[in-house]
Amino acid sequence: MTDWTGMRPNPSPIRQWWVLSVRVIAPSLRNGELLIAMSLSAVFTVSLYLPLKNLMAAFVHGSYAQYLIPVIALLAVYFSAMSAALRSSTDTVSGINRRFGSMPIAPMTPVAARMSGNLYRCATALATAILCGYLIGFRFYRSAEYTIGFCLLVMLIGFTLCFVGDLIGMVSKNPEAMTFILVLPAVILVMVSVGLQPADQFPGWLQPFVRNQPTSQFLYALRACAGDAGHSTAAVTTLNIAPALAWLAGMLVVAGPLYALAIWRRR
Amino acid sequence: MPTSEKTVIVSGISKSFGDVAALRDISFEVSRGEVLGLLGPNGAGKTTMVDVLSTLTRPDRGHARVAGHDVVSHPARVRRSIMLTGQQVAVDNLLTGHQNLMLFGQLQGLTQAAACARAAELIREFDLEDAANRRVETYSGGMRRRIDIACGLVVRPEVAFLDEPTTGLDPLSRQSIWDLVGRFKDAGITTLLTTQYLQEADALSDRIIVIDRGVVIAEGTAEQLKERTGSRYCEIVPKDSKELPAMAEALSSLLPYEKPTLASDRIAIPAPDGANTLMEALRRLDVANIGVADVALRRPSLDDVFIALTKKPATRAAGGSAAEVMP
Numbered sequence: 000m001t002d003w004t005g006m007r008p009n010p011s012p013i014r015q016w017w018v019l020s021v022r023v024i025a026p027s028l029r030n031g032e033l034l035i036a037m038s039l040s041a042v043f044t045v046s047l048y049l050p051l052k053n054l055m056a057a058f059v060h061g062s063y064a065q066y067l068i069p070v071i072a073l074l075a076v077y078f079s080a081m082s083a084a085l086r087s088s089t090d091t092v093s094g095i096n097r098r099f100g101s102m103p104i105a106p107m108t109p110v111a112a113r114m115s116g117n118l119y120r121c122a123t124a125l126a127t128a129i130l131c132g133y134l135i136g137f138r139f140y141r142s143a144e145y146t147i148g149f150c151l152l153v154m155l156i157g158f159t160l161c162f163v164g165d166l167i168g169m170v171s172k173n174p175e176a177m178t179f180i181l182v183l184p185a186v187i188l189v190m191v192s193v194g195l196q197p198a199d200q201f202p203g204w205l206q207p208f209v210r211n212q213p214t215s216q217f218l219y220a221l222r223a224c225a226g227d228a229g230h231s232t233a234a235v236t237t238l239n240i241a242p243a244l245a246w247l248a249g250m251l252v253v254a255g256p257l258y259a260l261a262i263w264r265r266r
Numbered sequence: 000m001p002t003s004e005k006t007v008i009v010s011g012i013s014k015s016f017g018d019v020a021a022l023r024d025i026s027f028e029v030s031r032g033e034v035l036g037l038l039g040p041n042g043a044g045k046t047t048m049v050d051v052l053s054t055l056t057r058p059d060r061g062h063a064r065v066a067g068h069d070v071v072s073h074p075a076r077v078r079r080s081i082m083l084t085g086q087q088v089a090v091d092n093l094l095t096g097h098q099n100l101m102l103f104g105q106l107q108g109l110t111q112a113a114a115c116a117r118a119a120e121l122i123r124e125f126d127l128e129d130a131a132n133r134r135v136e137t138y139s140g141g142m143r144r145r146i147d148i149a150c151g152l153v154v155r156p157e158v159a160f161l162d163e164p165t166t167g168l169d170p171l172s173r174q175s176i177w178d179l180v181g182r183f184k185d186a187g188i189t190t191l192l193t194t195q196y197l198q199e200a201d202a203l204s205d206r207i208i209v210i211d212r213g214v215v216i217a218e219g220t221a222e223q224l225k226e227r228t229g230s231r232y233c234e235i236v237p238k239d240s241k242e243l244p245a246m247a248e249a250l251s252s253l254l255p256y257e258k259p260t261l262a263s264d265r266i267a268i269p270a271p272d273g274a275n276t277l278m279e280a281l282r283r284l285d286v287a288n289i290g291v292a293d294v295a296l297r298r299p300s301l302d303d304v305f306i307a308l309t310k311k312p313a314t315r316a317a318g319g320s321a322a323e324v325m326p
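Protein chains in written order, with numbering that gives the first Met the number 0: chain A, 0 to 266; chain S, 0 to 326.
Structure, rendered in structure tokens:
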């Protein structure tokens with residue numbers, strides 16, 4: 000065994016965060032994960048836009064591309080959250096989180112690193128969704144601030160859902176089963192929302208749910224930020240944006256303490 | 000070489016999970032450079048003990064110091080002094096062996112250049128040169144274990160916790176891990192090794208603590224534990240098992256106060272004089288004209304000790320292990 004008597008170095012939390020973030024991000028460039036995430040947005044765009052474009056023309060005011068792209072961005076973000084859960088669960092089940100716990104690493108550093116990886120995935124997914132949108136005619140019609148607002152809101156939704164996903168992954172014992180179970184709420188929340196068709200196309204008894212569930216509230220806010228060619232989209236008002244932000248705040252308020260509890264309970 | 004300086008001090012540690020008492024008032028000490036084998040059956044509390052010492056679990060009662068730091072009041076200092084490998088290999092399967100070593104080196108605060116140099120060193124030492132640039136998910140079980148342990152050595156630990164490091168490995172891979180633990184000892188790293196393999200504890204440890212149902216039930220060197228259970232004995236198998244009673248009769252005077260024990264196809268008699276007893280026994284059987292198929296002078300194995308210690312007297316199988324043969 001080599002003599003390794005050098006001083007034990009003092010690890011910096013920032014550097015540890017960076018090294019762990021690279022660990023999450025670097026393989027995604029090589030193993031096709033990034034490519035799959037990007038093609039997912041393209042596949043969603045093609046498979047939803049082409050069949051529904053003519054069908055929905057009667058119910059949706061203005062261009063269907065303009066209507067559809069916000070939900071494409073959200074779908075991409077939902078899938079990022081599922082990847083986040085899978086990653087976190089794999090790290091827990093493989094014992095690597097346990098190992099980090101016995102090393103001079105602050106408990107929040109691995110979480111922060113996984114979240115950086117998640118945000119990077121969300122950003123890529125958002126960029127791809129916007130690119131696909133531009134190809135089918137989606138445009139940002141309002142000023143630059145609203146465009147930035149649109150992107151920030153998608154990223155904020157991504158952050159929140161990935162955080163929840165990371166938490167679910169951390170407490171779950173079976174990554175495969177968990178991913179399968181998570182698909183169900185994601186599909187319901189997207190299908191039974193104003194993502195593909197307006198709320199008044201749903202049966203009356205379902206409409207209150209359709210209008211008020213988080214996906215629809217996110218979509219109202221995103222569509223307001225993107226605007227449209229005519230005047231069919233509502234203006235950006237507190238009434239449009241506040242419910243979306245309230246949903247996000249609510250999710251973080253519930254998930255934050257649960258996360259702290261999950262870390263604490265392992266002690 | 001072990002010194003008198005104590006690197007691990009465990010004093011009255013108890014830990015419960017709900018109603019289950021995983022550890023009950025455990026105390027022991029490990030000297031610098033010593034290899035301590037923590038031996039026990041499944042569910043004995045070995046991993047909980049390692050978790051407490053590596054700051055992953057807080058004890059309910061008691062105190063523990065590792066490398067001079069209290070595990071409860073200064074966990075961060077303890078974490079800077081230890082390495083832990085758990086029962087499962089905990090490295091990133093998507094990274095190569097070299098990348099994993101780089102990752103752990105940089106997490107421990109090495110610069111990129113230093114981490115790279117150290118990674119190359121460890122890859123050489125752990126005989127992983129051919130696999131260094133392959134993803135760990137393609138490694139064999141033994142190679143995965145080796146990279147797992149190597150990742151714990153990117154900076155020198157004062158205390159190493161190896162939790163069942165050879166579980167599930169083939170004999171050859173197990174031997175290579177044993178060689179590694181031998182080098183820990185040479186490097187003066189205090190090592191706490193948990194295992195359910197007695198042979199492993201026997202081969203690697205300077206001292207063994209036997210733990211069962213959260214309680215220390217025996218402590219000592221392998222030799223001392225064997226002494227506790229009894230001394231040498233002699234095992235004789237007749238050619239014809241029908242001759243067992245005649246054989247017992249012929250040998251009975253070798254042990255005036257006790258009858259030799261009849262196992263299924265063999266007789267075991269205490270051999271206080273070692274080979275002399277064995278020769279005397281053979282001479283008598285020759286005189287009585289009883290054919291012998293097999294004969295052996297044996298020491299009680301640690302298995303015998305282990306079974307004797309961890310089983311309640313009432314549940315011991317009659318005529319089973321050599322432990323029962325002994326006075």
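For each residue, glycine too, the CB sits at the ideal point set by N, CA and C. Just so it is clear, the structure is predicted and the values come from calculations on it, not from any experiment.
Residue-chain proximity (residue i, chain A), Cβ-Cβ < 7 angstroms
i               : result
L35 of chain S  : no
G32 of chain S  : no
G181 of chain S : no
Q107 of chain S : yes
Q87 of chain S  : yes
L168 of chain S : no
R78 of chain S  : yes
S10 of chain S  : no
L250 of chain S : no
L83 of chain S  : yes
S53 of chain S  : yes
L308 of chain S : no
L192 of chain S : no
Residues sharing a beta bridge with residue i, DSSP
i               : result
D272 of chain S : The partner list for D272 of chain S (beta bridge, DSSP) is empty, contrary to what the question assumes.
V7 of chain S   : S:V29 and S:V65
G219 of chain S : S:I207
D293 of chain S : S:V236
CB contact check: residue i to chain S, cutoff 7 angstroms
i               : result
R22 of chain A  : yes
S101 of chain A : yes
I187 of chain A : no
P10 of chain A  : yes
R98 of chain A  : yes
V76 of chain A  : no
I95 of chain A  : yes
V110 of chain A : no
P174 of chain A : no
Where the beta strand (DSSP E) through residue i begins and ends
i               : result
L38 of chain S  : V34 to L38
P237 of chain S : Y232 to P237
S162 of chain S : Correcting the residue type first, residue 162 of chain S is Asp in the shown sequence and not Ser. Counting along the chain, the beta strand (DSSP E) containing D162 of chain S begins and ends at V158 to D162.
D165 of chain A : Where D165 of chain A is concerned, there is no enclosing beta strand (DSSP E), although the alpha helix (DSSP H) it sits in stretches over A143 to V170.
L83 of chain S  : I81 to T84
Enclosing alpha helix (DSSP H) for residue i [first to last residue]
i               : result
V235 of chain A : Note, V235 of chain A: premise wrong, no alpha helix (DSSP H); not H, not E.
V92 of chain A  : Y63 to V92
L187 of chain A : Correcting the residue identity first, residue 187 of chain A is Ile in this sequence and not Leu. It spans P174 to M190 - the alpha helix (DSSP H) in which I187 of chain A sits, taken as one unbroken run.
I129 of chain A : M107 to I135
L192 of chain S : It is not in any alpha helix (DSSP H) - L192 of chain S instead sits in the beta strand (DSSP E) that spans T189 to T194.
M37 of chain A  : E32 to M55
R57 of chain S  : Unbroken run through R57 of chain S: none, as it is neither H nor E.
Buried or exposed (CB count within 10 angstroms, at least 16 for buried), residue i
i               : result
V252 of chain A : exposed
V45 of chain A  : exposed
W16 of chain A  : buried
L171 of chain S : exposed
L82 of chain S  : Note that residue 82 of chain S is Met in the sequence shown, not Leu. Result: buried.
P207 of chain A : exposed
S320 of chain S : Caution applies to S320 of chain S, whose pLDDT of 38 falls short of 50 and renders its modelled position unreliable; the model cannot decide the point.
E199 of chain S : buried
T237 of chain A : exposed
Spatial neighbours of residue i in its chain, beta-carbon cut-off 7 angstroms, leaving aside the 5 residues before and after
i               : result
R76 of chain S  : H68
P69 of chain A  : L218, L221, R222 and A225
P109 of chain A : L19, N96 and F99
G167 of chain S : G140
Cutoff 8 angstroms; reference residue i; Cβ partners in own chain excluding five residues on either side
i               : result
G181 of chain S : L203
D50 of chain S  : T56
P255 of chain S : Residue confidence for P255 of chain S is low, a pLDDT of 49 falling below 50, so the modelled location carries little weight; the figure read from the coordinates is stated next. Here the set comprises nothing.
L205 of chain A : V191
Cβ-based neighbour list, residue i, same chain, cut-off 6 angstroms, excluding 5 preceding and 5 following
i              : result
N96 of chain A : D90
E32 of chain A : none
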